[in-house]
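Chains as they are written, first to last, in the numbering used here: chain A, 1 to 241; chain B, 1001 to 1241; chain C, 2001 to 2241; chain D, 3001 to 3241. Please read the structure below before turning to the comments.
There are 4 protein chains.
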Amino acid sequence: MNIVLLGSNGRLGSLIHNQLNAENIPTFALAKEILATKKDFQNFFSNLPENAIILDVSLPTGTEHLIEQVKQLNSEIKNKLKGIVIGTTGHTNAQQEKIKDLSKEIPICLVSNFSKGVFLFDQILNAKTSNGMTVCELAHSLGFDLALNEIHHTQKKDAPSGTAVSLANTANLPLERISSTRVGNVIGEHTLYFSQDSEMLEIKHSAHSRKLFALGAIQICKNIIAKSPNAGLLAKEEFFT
Amino acid sequence: MNIVLLGSNGRLGSLIHNQLNAENIPTFALAKEILATKKDFQNFFSNLPENAIILDVSLPTGTEHLIEQVKQLNSEIKNKLKGIVIGTTGHTNAQQEKIKDLSKEIPICLVSNFSKGVFLFDQILNAKTSNGMTVCELAHSLGFDLALNEIHHTQKKDAPSGTAVSLANTANLPLERISSTRVGNVIGEHTLYFSQDSEMLEIKHSAHSRKLFALGAIQICKNIIAKSPNAGLLAKEEFFT
Amino acid sequence: MNIVLLGSNGRLGSLIHNQLNAENIPTFALAKEILATKKDFQNFFSNLPENAIILDVSLPTGTEHLIEQVKQLNSEIKNKLKGIVIGTTGHTNAQQEKIKDLSKEIPICLVSNFSKGVFLFDQILNAKTSNGMTVCELAHSLGFDLALNEIHHTQKKDAPSGTAVSLANTANLPLERISSTRVGNVIGEHTLYFSQDSEMLEIKHSAHSRKLFALGAIQICKNIIAKSPNAGLLAKEEFFT
Amino acid sequence: MNIVLLGSNGRLGSLIHNQLNAENIPTFALAKEILATKKDFQNFFSNLPENAIILDVSLPTGTEHLIEQVKQLNSEIKNKLKGIVIGTTGHTNAQQEKIKDLSKEIPICLVSNFSKGVFLFDQILNAKTSNGMTVCELAHSLGFDLALNEIHHTQKKDAPSGTAVSLANTANLPLERISSTRVGNVIGEHTLYFSQDSEMLEIKHSAHSRKLFALGAIQICKNIIAKSPNAGLLAKEEFFT
């Protein structure tokens, strides 16, 4: 596996870069400048070995430029690309269209959060119980009331966290049922409370290091290389395990 | 709804009795002695109003006598009985056969634990995620290791708790992965840990009062009356919500 | 011990009444109307046995009337009174003066929260560590950042809870560092987080039943009877253990 | 500040080395071989700059050789040494005597655990509450029962953990009140439960990265340099804040 890394000087990108080095996985950092001209971009990719995958942890505009440039590569180079993993979020409709269009030629996987535990959390909330209801629907029908608390470091600018909003959406929970605690250097804790008279069920995820996001991103790349899927938009759940 | 309560002087039975009184639900305590003779038993039931349900929180032998006596009631009385909820556990094969046999005439629901939260916990572990795996299978395939800790009061005689064993079975977890903490007057806490490098997901249930077991038992009775199912062994999950 | 209970028809008062009955402690419910006239009040107390203690869980105005009436009792009756435990809060300055004045004749103990665990929590925050700092001061000097989260049922009208405010005061924490979660029927959870890079210490108190407040109130009464202190304002910490 | 690091190729030692490099603190790794001969050892130290401190995270025998060699250094070199921080444990009586003897000439600080949070935890248990009792004594006198649970990764060989044993000692808790959970890659969680009827207080410490032990060790070195204490055995609590 060879990884082309876009966004390698960001906080997550540099963690991914370190981890790839530690695992001796050949990595090609794709500088922002190279995205600017078609010629530089093609030169960069013409030297690329087989079995390459692009991992994009830049910003939405970085993603847009990337997609546009890849689109124009010749088919010989495109064939080397086993997939593109996009970790940026907040794409405009136009950007989404471009991604969708390119996915007809190359497998593309959109991943808003690289934590396996958050993925498992989200999957639990949506999982179907024996009578056909989701876990959250069953909880409601049993009389449980739900609310979510998230804890992050004091430097975090937004509240509630994006992950809390996403989990609340899955749980069909209005945003006003999210509370936010800010303290010290907490990387991220999300707890969903199911409460009723005299009992409580809690599902809690704790991230202890930002490294896990790097590990999750690399795992998805490995799985795409291993499973060699056809072109298309890939379902994250098939490539995260 | 009229409830015939067997085992009303046990710890759970007396809580159920108090709660039924508090909710003004007509309750007929069925003394152990009445189970002893056919005549007393039939007299007891001949005076019973319509829409009756038997709630049995006695012991396995109490359950056996109950089943034998109900079997011999005439069909007019049997018709008054909308169902039997059996909260005893550890039945012999012979007892199970008798229960099964009677269920051809009267709806019977076997419930090993009356907590809605423990029921939800168990349902979560078995729920099917989007790729067809159960929650526990998905956790394993994502690289999580699982273990369970349970906390109970210092007077508890067995370890691990029956609920922990039952959750571990659902999670396909060998019993040696259960640890037990004994402290003070804790009614019951069960935590399932999903751990891997740099992150942890926890599912934790806390029972804060034995009253919740009484509430759960009564809820099931109410649902059976409301849904009026046909004779047969009832699936707990259809009558707990 | 004989207990004169003021406020016996409130939520906490009726729990205390039930618990006193369960413990076979002679209890004399003091109706609000009896506070209204000097004659009724004196009649009530003239029939009182020795070793009596007044437990007041009414409202601040109830406390005020109580204090005024007790003040006027003759010394023979006053001698029967081993103490007054006041569980109301939010007294005006005038009310505080009256309490202080009466305490010259009868031991009086002011208790804002009858939970032993909350008392222990508060004592921990203020406890002196080996180098003379309090626990909270030591935590700060070690580089920990502190914040508090409290969880209560959805019917609670105020946020943050009074207990959270009181703990924050002890910890020298500004009120904006308290977050509040509202869910289901939670009686009360308070968690103080101490966070810094790569580690977290948490102190968490959970109340599982309102009964504990009743137990705490009765404990203090028992201790005052047992220790038979001189007149004065009693320090809660000497009578809660 | 200049740090002489003994044990730099161990798991903790290499983390300390990386952290010292990241903070641009001049570091001199002291190879085990250099401890073997007096001449090599003196050469090593004669080239050392002023304001040096030795940080020993080797093994007890490493500590013993270190102490013996430092003892024989000439006074000019000894004067450069502002202190020795010893992070090894399990010293024999003879080793303890040698350490004590050298502490008459050079400040020495013995530190069994470099986590600030575990230090805070331990200090809390021993802290004196307003009536003169320690926190644990007060908890007992309030009727709380105590037990401890510790969680670590599945590769851990001993149970209970050394930190759990040490906290239990401080809390006067017999070792059979410690339970151990082993799961995944947990670096270390220690929870002390205070339970009684209807309420629970918990104190929980979570270590999220081994890096915190490195940070703690370096902090103590910095404080010794800053405070420049006289020769003697230093109390950890004066140099950890």
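Every residue, glycine too, gets a C-beta built ideally from N, C-alpha and C.
Under the assumption that residue i contacts residue j (Cβ atoms under 8 Å), give the Cβ distance between them as a whole number of angstroms.
i                      : j                      : result
residue 2218 (chain C) : residue 2239 (chain C) : The pair is not a contact, with the Cβ atoms about 12 Å apart (cut-off 8 Å).
residue 2062 (chain C) : residue 2032 (chain C) : 7 Å
residue 2117 (chain C) : residue 3201 (chain D) : 5 Å
residue 2045 (chain C) : residue 2073 (chain C) : 6 Å
residue 3114 (chain D) : residue 3216 (chain D) : 3 Å
residue 88 (chain A)   : residue 56 (chain A)   : 6 Å
residue 3084 (chain D) : residue 3108 (chain D) : 5 Å
residue 1180 (chain B) : residue 2208 (chain C) : With a Cβ gap of about 20 Å, residue 1180 (chain B) and residue 2208 (chain C) do not count as contacting.
residue 2235 (chain C) : residue 2106 (chain C) : Contact flag wrong, Cβ pair sits at about 16 Å.
residue 1102 (chain B) : residue 1128 (chain B) : About 33 Å; that fails the 8 Å criterion.
residue 2220 (chain C) : residue 2111 (chain C) : 6 Å
residue 1124 (chain B) : residue 124 (chain A)  : 6 Å
residue 1051 (chain B) : residue 1002 (chain B) : 6 Å
residue 75 (chain A)   : residue 1241 (chain B) : Their Cβ separation, rounded to whole angstroms, is 56 Å, which puts residue 75 (chain A) and residue 1241 (chain B) out of contact at 8 Å.
Can you check which of these residues, the options, is closest to residue i by C-alpha distance?
i                      : options                           : result
residue 130 (chain A)  : B:1120, B:1138, B:1137 and B:1024 : B:1120
residue 1135 (chain B) : B:1207, B:1019, B:1060 and B:1203 : B:1203
residue 2011 (chain C) : C:2078, C:2211 and C:2124         : C:2211
residue 3213 (chain D) : D:3191, D:3232, D:3038 and D:3187 : D:3187
residue 1048 (chain B) : B:1037, B:1056, B:1178 and B:1082 : B:1082
residue 3039 (chain D) : D:3025, D:3016 and D:3069         : D:3069
residue 1154 (chain B) : D:3151, D:3177 and D:3160         : D:3177
residue 16 (chain A)   : A:35, A:58 and A:231              : A:58
residue 1954 (chain C) : C:2139, C:2226 and C:2151         : Residue 1954 (chain C) falls outside the range modelled here, since chain C spans only 2001 to 2241, and no answer is possible.
residue 3198 (chain D) : C:2189, C:2233 and C:2137         : C:2189
residue 2005 (chain C) : C:2241, C:2023, C:2086 and C:2043 : C:2086
residue 96 (chain A)   : A:127, A:104, A:64 and A:75       : A:64
residue 2162 (chain C) : C:2009, C:2001 and C:2090         : C:2090
residue 156 (chain A)  : A:182, A:8 and A:141              : A:182
residue 1222 (chain B) : B:1008, B:1142 and B:1053         : B:1053
residue 1151 (chain B) : D:3143, D:3193, D:3002 and D:3111 : D:3193
residue 3100 (chain D) : D:3007, D:3067 and D:3019         : D:3067
residue 3009 (chain D) : D:3018, D:3237, D:3226 and D:3094 : D:3018
residue 2094 (chain C) : C:2080, C:2060 and C:2137         : C:2060
residue 3229 (chain D) : D:3023, D:3079 and D:3021         : D:3079
residue 1237 (chain B) : B:1036, B:1122 and B:1042         : B:1122
residue 2007 (chain C) : C:2030, C:2104, C:2020 and C:2023 : C:2030
residue 2233 (chain C) : C:2037, C:2104 and C:2158         : C:2104
Identify every residue that forms a DSSP beta bridge with residue i.
i                      : result
residue 239 (chain A)  : DSSP, once it has assigned bridges, lists no residue as partnering residue 239 (chain A).
residue 56 (chain A)   : A:6 and A:86
residue 1200 (chain B) : A:206 and B:1195
residue 3150 (chain D) : D:3180 and D:3190
residue 3215 (chain D) : BP columns for residue 3215 (chain D) are empty, so no partner.
residue 1138 (chain B) : In the DSSP output, where bridge partners are listed per residue, residue 1138 (chain B) has none listed.
residue 3234 (chain D) : D:3109
The ligand SAH and residue i: does the residue's C-beta get closer than 8 Å to at least one heavy atom of that ligand?
i                      : result
residue 1227 (chain B) : Inclusion of the ligand SAH in the displayed structure is not the case, the ligand content being empty and no account of it being possible.
Which ranges would you report for the beta strand (DSSP E) in the segment 74-127 of chain A if only whole runs of at least 3 residues count?
-> Considered as a whole, the segment 74-127 of chain A harbours 81-86 and 107-110 as its complete beta strand (DSSP E) runs of no fewer than 3 residues, in chain order.
Which ranges does the beta strand (DSSP E) cover as unbroken runs of at least 3 residues, wholly within the segment 2159-2188 of chain C, from first to last along the chain?
-> Complete beta strand (DSSP E) runs here, min 3: 2178-2182.
Any 3 or more C-beta pairs closer than 8 Å across the segment 2143-2150 of chain C and the segment 2161-2178 of chain C | The answer is yes - the segment 2161-2178 of chain C touches the segment 2143-2150 of chain C, with three or more Cβ pairs under 8 Å.
On the three-pair Cβ rule with 8 Å, is the segment 163-170 of chain A touching the segment 1158-1170 of chain B?
-> The answer is no - the segment 1158-1170 of chain B does not touch the segment 163-170 of chain A, with fewer than three Cβ pairs under 8 Å.
Please specify which runs of the alpha helix (DSSP H), each continuous and at least 4 residues long, are wholly inside the segment 1007-1050 of chain B, giving them in chain order.
-> Those alpha helix (DSSP H) runs which fall completely within the segment 1007-1050 of chain B and span 4+ residues are 1011-1022 and 1038-1046.
Give, in chain order, every residue of the segment 3003-3037 of chain D whose Cβ lies closer than 8 Å to some Cβ of chain G.
-> No chain G is part of this structure, whose protein chains are labelled A, B, C and D.
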